[in-house]
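Residue numbers (the numbering used here): 180 to 310.
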């Protein structure tokens, strides 16, 4: 019995001490350099494709292939602030989605090929996009 207990405790210690690679993070300047462009969702957690235009427009492609101007975007440090248009805000509210007029999406990592964001300031999980 002591042997089983000892093995269980050692297994727990080994699990707790394992090395975990730190998550890649980008600075605000790195994010600003790479964020504009067309991004395709890797995990289908949001829209299949989104475009962050240089002029500040935020366009998405719905699952049926329709392109829609969702609103505008701006980067504040490492936070992507999305402000919806009146039309997109009205249609979202009509479909019973609970929305703000704007959202902050923290950007974790951005380079020329990958964009990683969270769904909101207090929401766990990652939204991953690629070019």
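Built from N, CA and C at the ideal position, the CB exists for glycine as well.
If residue i and residue j are in contact, beta carbons under 8 Å, what's the gap, nearest whole angstrom?
i	j	result
residue 254	residue 264	Incorrect: roughly 19 Å between the Cβ atoms, too far for contact.
Figure out for me which residue from the options has the closest Cα to the Cα of residue i.
i	options	result
residue 258	181, 304, 214	214
residue 286	186, 309, 205, 185	205
residue 229	305, 252, 212	252
residue 219	233, 240, 203, 207	240
residue 235	297, 260, 226, 222	260
residue 256	246, 202, 208, 185	208
residue 232	212, 222, 221	212
Using the Cβ count rule (16 or more neighbours within 10 Å means buried), how would you classify residue i?
i	result
residue 182	exposed
residue 266	exposed
residue 289	buried
residue 210	buried
residue 277	Because residue 277 sits at a pLDDT of 46, beneath the cut-off of 50, its placement in the model cannot be relied upon, and the following sentence gives the value as read from the coordinates. Exposed, by the Cβ-count rule.
residue 273	Interpretation of residue 273 is limited by its pLDDT of 48, a score under 50 that renders its predicted location unreliable; no figure is taken from the coordinates.
residue 275	Low confidence applies to residue 275: its pLDDT is 46, below 50, so where it sits in the model is not reliable enough to give any reading.
Does the separation of the CB atoms of residue i and residue j fall below 8 Å?
i	j	result
residue 250	residue 242	no
residue 307	residue 295	yes
residue 284	residue 298	yes
Counting only runs of 4+ residues fully inside the stretch 202–230, write out the alpha helix (DSSP H) ranges in chain order. Listed in chain order, the complete alpha helix (DSSP H) runs (minimum 4 residues) inside the stretch 202–230 are 207–213.
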